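Peer 1:
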Amino acid sequence: MERLKADVVVIGAGVTGTAVARELARYQLKVFLVEKHPDVACGCTKANTAIVHAGYDATPGTWKAKLNVRGAAVYPQVCRELEVEFKPTGSLVVALAEDQVPHLYELLNRGYVNGVPDLKVIGRDELLAKEPYVNPKAVAALWAPTAGLVNPWGLAIAQAENAAENGVEVLLGAPVVGIDVTDGLVTAVQTPDVIIETRYVVNAGGRYSDEIARMVGQDDFRIVPRKGEYYVFDKRFGYMANCPLFPVPTAISKGILVTPSVDKNLLIGPNAQDQEDKEDLDTTAEGLQEVLSEALTMMPDLPVKDAITNFAGLRAVARPSNDFVLGPAPGVPNFINAAGIQSPGLTSAPAVAEVVRDYLQMAGLELKGKKKFNPFRKGIVTFRDKSHEEQARLIQEDPRYGQIVCRCETVTEAEIVQALNRPIPCTTIDGVKRRTRAGMGRCQAGFCTPRVVEIMARELGLSWDEITKKGGASRLLLGQTKCSAAVKGAGKDA
Amino acid sequence: MRSIKYDVVVIGAGPAGLAAASRAKAMGVKRVLLVDRDREPGGILQQCIHNGFGLHLFKEELTGPEYAYKFIEESYASGVEFLMNTMVLTIQPDRQIYAINRKVGMLKIEAQAIVLAMGCRERNRGAVTIPGSRPSGIFTAGTAQRFVNMEGYMPGRHVVILGSGDIGLIMARRFTWEGAKVEGVFEIMPYSNGLNRNIVQCLKDNNIPLHLSHTVTKVHGNERIEAVTVSQVDEHFTPLSGSEQVIPCDTLLLSVGLIPENELSRDAGIHIDPVIGGPVVTDEMETTLAGVFACGNVVHVHDLVDNVTRESWLAGEGAARLVLGQQPTRDLVTTKAGSGVRYVVPHKIHVENLATRTTTLYLRVLQPEENVRVELVSGTKSLFSVHQRVVRPAEMVSINVPPKRITATAGEELMVRLVREGDKA
Amino acid sequence: MSTIYELTCIACPMGCQIKTKVQQDKIISIKGNSCKRGELYAQDEIFRPMRVITSTVRVQGGVLPVVPVRTAEPIPKDKIGVALQEIACITVTAPVKFHQVIVPNIADTGVSVVASRPLAAKEGGEKTA
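Note that the protein sequences, when read in sequence, are chains A, B and C. This note's numbering puts the first sequence at residues 1 to 494. This note's numbering puts the second sequence at residues 495 to 919. This note's numbering puts the third sequence at residues 920 to 1048.
Structure follows, in structure tokens:
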């Protein structure tokens, strides 16, 4: 077994873990980011509402409240540095009846306490001018101008790439199977292939962060996954919402909302269903129906027939606190948790990374800045959002820009080849999809799959039937035709 | 940026585009260009390797590639120019087309007339909402067909098929003939959506059961699909609890309908009929944007390629007549779907054409009926009718109205409806 | 002794369910068909069911790895299995011509299997002798 040496091992490469890794990359440290999936951003990060929240929701004094507002404030800069799309759309909480209006003021006050800037309650006319497709029965809304839209997996990938470019070692397909603790201190992290001797560990294990904590004897919280289901609608209808439209929130969630995505799709969801199973990402007929009927209350003209896909995501809710679990494990000062990161976890990620850094420092980690740290990361140069002149120039520079692979999202071969040759290895069809949007459009990969597989096989030096959707047993093709053993039985019933 | 000029530019070199282009050329148009994103013409026919194409037009059962070959040869011979591996990005209302390919880069193509022949795409899992997990192994029937017939790979070996559309039935046989096991075809409607011939020759020949009023209610498996739950549905398509049955499989094929691909048309500002998903067209196959024509599956989904060809000849002629300054007078009557009819194409007919040529109306019915008359009505007056022994939603009905058979005046509305024989209208 | 055959007629979209009674290689009763075409269909389907088979064969050095093929004429239904096995074992070399004969006498039926399309050789690919 290979033995490696680290100053810090960050467990989990979701949006939190990658933010921590990137933050630590600023210092003269040997950092490992270990992830059990074959790619980054495969857990909660890949399936959520993709909103940067303003921060009026959380109970004042909680981590959620503090870090949401701080996170939202730094988002524009982080996204600029990493070339991740961030749209400062603002957001609205819509009161659909008079008796909901007091809730808006409650949120306004809470937001004020939490330090959310520029909140205001707007009347019906202003609301309908901003959002013409909202239910005309709406009476007022809370306007939060600092909210926005982001691509969550795009951010996680960018953070991981930037971390890797600044010296962080990223180990994919490396589940943590054990953590060695000697005399109340973590000494090593074990994966099936390597043992990493380390001075510090950060637990950003998402849904599994409680199980990781238990490896060092911490047993004071557990993660209860809370499922949320969503529908995505054709881009054609992205115009129907200019910003996230929340209903007045309930006790356990912000309610089922209607929102545009950064990529101009219309998204509705999520509902909220607590469950035990951490792998159960099934959508359900009842859940989807709930999402649809509540979203229709917000937007009666929702293009129901133009849904292009639906999915479910899990929130990693920590019990009993219901708050983020941040800081050292009791009795193990060099094991720092960044656990229970549920909504507003995406918004808080950059702030969580700062808090984790501070905890590491408090636990004795010396933070010496790296002179050559480069905060800037260049993304894949996309074709679809360019002018015809710029597109012409791109094709001239690289003819592969002249080959459209995904017609629904206008993704070219050049972009797919770039996705396959970046600092973080991309080896799955879903990985290509998350990096380029190939297959995310209205045909949902019907036309481009054979072409994507062809390019992947060529670039990765694999045969077509070795390509997987998401690693493991998720092969797309099960061998060639004319495979003699199978065809011998062919037509025997005929 | 290179700029080129053509009289007629046809977008899409499938059966519709090929027929339209060669017909425009045959009508005397000088410069006709066919643009297609694929590396070779023929469109989806190249992957439809089964026979059954051309029965109406040629009285023989060609395979898809053979049918395509006839038209590719004809187009080449007639002097149509081909621009392959080229993707059209936008069509402007002034009929300027922006397209790209790897050799030339960005191209601006100016056209006097444009024919849209982009075909259709398949409805997928998202469009029909099948709950459950999201593993690999779920394919639309056409994607699976491409892998098997053109790339030589098997998407799976143990297959469940949802939807009894023709491609699904054809693929049931195709998988069986490649040694895979097909568990069954499940159709939510109480009747099949495929041609009888395919039910007999693809399913019955291979002992593959067809379960009507059934649907897939859950997908199982996290990495590769491991099973599906199928349930019987009631008359409102609601799954009946207690009827669930788990069927192990490694592949789920979806054959649940097709959607015309009109993103370019929409962006150009062309009116789309929401019922068919394609442009509103005249009997010349001209859309609401003057000089832009459309034909084949981009207008409405056909079940027989023969009808695509016929319709595309009209579009080619229409485009040619525009270029040659021979368009009919713009006096139009409109058509409308009446009782029992889901839609009628074309939406508008030139009064002049009603007098000078046979006018074909394509329609789809709402539900299966036997022993009916398809009747053309203006106000309360029956103008024309034909008897049909049987009509089914899966099979497009075409009605030929001979020249001068009906007379109409501009602005009149012709309603097409079904009347049961024996019933008084 | 008579045998009963139940068929779905494919002569038209009607899809009549035809029930026939057959005795000593002759149809002695037929029910359910609504026209003469149904009777002819039943006659053929019972005594000499024939099918065109379509498949692909592997290609070396072509722009695609497989080329579609068909039997030039329908072959007896009970020969389909053998025919498919023969087809599965063949590899041809590009270029392939339209209607090029791939198997001259498939499954001993006297019918040939032909290519449904031309298939060009891959540029810079293997050259054939």
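Virtual Cβ for every residue (Gly too), placed ideally from N, Cα, C. The structure presented is a predicted model; accordingly, all values stated were derived computationally and were not measured.
For the beta strand (DSSP E) containing A/Ile341, list its first residue and its last residue.
Peer 2: Taken as a continuous stretch (DSSP letters only), A/Ile341 belongs to no beta strand (DSSP E), as it is neither H nor E.
Peer 1: Does the region 440 to 451 of chain A touch the region 631 to 639 of chain B, meaning 3 or more C-beta pairs lie closer than 8 Å?
Peer 2: yes
Peer 1: Taking B/Pro887 as the query, report the chain C residues whose CB atoms sit under 9 Å from its CB, ordered along the chain.
Peer 2: Correct list: empty, because the minimum Cβ distance to chain C is about 11 Å.
Peer 1: Keeping to the same chain, check which residues put their C-beta closer than 6 Å to that of A/Gly441; ignore five residues upstream and five downstream.
Peer 2: Cys408, Glu409
Peer 1: Just to confirm the assignment: which complete alpha helix (DSSP H) runs, minimum length 4, are found wholly within the region 544 to 570 of chain B?
Peer 2: 549 to 552
Peer 1: Check the Cβ-Cβ distances between C/Phe1017 and every residue of chain B, and say whether any is below 7 Å.
Peer 2: yes
Peer 1: Any contact between the region 168 to 188 of chain A and the region 123 to 131 of chain A? By contact I mean 3 or more CB pairs, one from each, below 8 Å.
Peer 2: no
Peer 1: Please name the residue or residues paired with A/Glu197 in a DSSP beta bridge.
Peer 2: A/Lys5, A/Ala188
Peer 1: Select from B/Ile693, B/Val582, B/Val642 the residue whose C-alpha is nearest the C-alpha of C/Cys1055.
Peer 2: Nothing about residue 1055 of chain C can be reported from this structure: the residues present for chain C run from 920 to 1048 only.
Peer 1: Give a yes or no on contact between the region 247 to 265 of chain A and the region 59 to 69 of chain A, applying the rule of three or more CB pairs nearer than 8 Å.
Peer 2: no
Peer 1: Could you check if C/Leu959 is buried or exposed, using at least 16 other CB atoms within 10 Å of its CB as the buried criterion?
Peer 2: exposed
Peer 1: Is there a Cβ from chain B that is less than 7 Å from the Cβ of A/Lys469?
Peer 2: Yes, because at least one Cβ of chain B sits closer than 7 Å to the Cβ of A/Lys469.
Peer 1: List, in order along the chain, the chain C residues whose C-beta lies closer than 7 Å to that of B/Thr557?
Peer 2: Thr973, Pro987, Arg989, Ser1035
Peer 1: Going by beta carbon distance, what residues of the same chain come within less than 7 Å of C/Thr927, once the five residues before and after it are set aside?
Peer 2: Gly934, Gln936
Peer 1: Kindly say whether A/Cys443, judged by its beta-carbon, lies nearer than 7 Å to any beta-carbon of chain B.
Peer 2: yes
Peer 1: Sorted by chain position, which residues of the same chain lie with C-beta nearer than 8 Å to A/Thr297's C-beta, five sequence neighbours on each side aside?
Peer 2: Leu96, Asn135, Pro247, listed in sequence order.
Peer 1: Looking only at C-alpha atoms, which of A/Thr89, A/Val9, A/Ala25 sits nearest to A/Gly369?
Peer 2: A/Ala25
Peer 1: Does DSSP put B/Phe878 in a helix, in a strand, or in coil?
Peer 2: strand
Peer 1: Could you check whether the Cβ of A/Gln403 sits closer than 7 Å to any Cβ belonging to chain B?
Peer 2: yes
Peer 1: Determine which residues of the region 627 to 639 of chain B have a Cβ less than 9 Å from any Cβ of chain A, and write them out in chain order.
Peer 2: The region 627 to 639 of chain B vs chain A, Cβ under 9 Å: Ser627, Arg628, Pro629, Ser630, Gly631, Phe633, Thr634, Gly636, Thr637.
Peer 1: Who are the near neighbours of A/Phe335 in its chain, counting only those whose CB is closer than 7 Å to its CB and skipping five residues on each side?
Peer 2: Val186, Val201, Asn203, Val216, Pro328, Ala329
Peer 1: Got a sec: is the Cβ-Cβ distance from C/Arg977 to anything in chain A below 7 Å?
Peer 2: Yes - at least one Cβ of chain A is within 7 Å of the one on C/Arg977.
Peer 1: Quick one: which chain B residues come within Cβ less than 9 Å of A/Gly479?
Peer 2: Tyr647, Met648, Arg651
Peer 1: Name the one or two DSSP bridge partners that B/Asp630 has.
Peer 2: First, the amino acid is wrong: residue 630 of chain B is Ser here, not Asp. B/Ser630 is bridged to B/Arg718.
Peer 1: Using only the alpha-carbon positions, how far apart do B/Val598 and A/Lys371 sit?
Peer 2: 45 Å
Peer 1: When burial is assigned at 16 or more other CB atoms within 10 Å of the CB, is C/Cys1008 buried or exposed?
Peer 2: exposed
Peer 1: For C/Ser921, which residues in the same chain have their Cβ closer than 8 Å to its Cβ, ignoring the five residues on either side in sequence?
Peer 2: Lys940, Val941, Gln942, Ile947
Peer 1: Quick check for students: name the residue ranges of the alpha helix (DSSP H) that lie wholly in the region 928 to 1003 of chain C, counting only runs of 4 or more.
Peer 2: You should have 955 to 966.
Peer 1: Using alpha carbons as the reference points, say which of A/Leu288, A/Val84, A/Ala156 lies closest to A/Gly14.
Peer 2: When each option's Cα is compared against that of A/Gly14, the closest is A/Ala156.
Peer 1: Ignoring anything shorter than 4 residues, give me the alpha helix (DSSP H) runs that lie fully in the region 6 to 35 of chain A, in order along the chain.
Peer 2: 15 to 24
Peer 1: So which residues of chain B does C/Pro889 contact, with C-beta pairs closer than 7 Å?
Peer 2: Outside the modelled stretch of chain C, which goes from 920 to 1048, sits residue 889 of chain C, for which no answer is possible.
Peer 1: Mind listing the chain C neighbours of B/Val694? Cutoff is C-beta to C-beta under 7 Å, in chain order.
Peer 2: Thr927, Ile929
Peer 1: Could you tell me which of A/Tyr239, A/Cys483, A/Ala272 sits nearest to A/Ala251, measuring between CA atoms?
Peer 2: Checking every option, the nearest Cα to that of A/Ala251 belongs to A/Ala272.
Peer 1: Can you name the residues that DSSP bridges to A/Asp465?
Peer 2: According to DSSP, which records beta bridges pairwise, A/Asp465 is partnered with nothing at all.
Peer 1: When you compare the CB positions of C/Val985 and B/Gly620, do they come within less than 7 Å of one another, or not?
Peer 2: Using a Cβ distance threshold of 7 Å, C/Val985 and B/Gly620 do not count as a contacting pair.
Peer 1: Establish whether the CB of C/Gly934 and some CB of chain B are separated by less than 7 Å.
Peer 2: Yes, because at least one Cβ of chain B sits closer than 7 Å to the Cβ of C/Gly934.
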